[in-house]
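For the record, in the sequence shown the residue sitting at position 50 is 50 according to full-length UniProt numbering, with numbers rising by one throughout. Positions of the beta carbon are idealized from the N, C-alpha and C atoms, including for glycine. Right, one structure below, let's go through it.
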Amino acid sequence: MWKAIVYKEWIKTRRYLFAALLLTAGFAGYGLLRLYRAVELMGAGHIWEVMVTRNAVFID
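Next comes the structure, spelled out in structure tokens:
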């Protein structure tokens, strides 16, 4: 009985689980691309200095 309930809930929620994983991966990829672009424009040393000394947030 317990297996049947778990399987039924898995069938109902698996679509949303995969959508949530895709959305999370999309946001992470977007943030990394923005950070990569900032490093390309200004250099990693400058980005590191700004993050440490000014407590700046580059990924919202």
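Span of the alpha helix (DSSP H) holding residue i?
i: V52; result: 44-54
Which same chain residues, not among the five before or five after residue i, have their C-beta less than 8 angstroms away from its C-beta?
i: K12; result: none
i: E49; result: none
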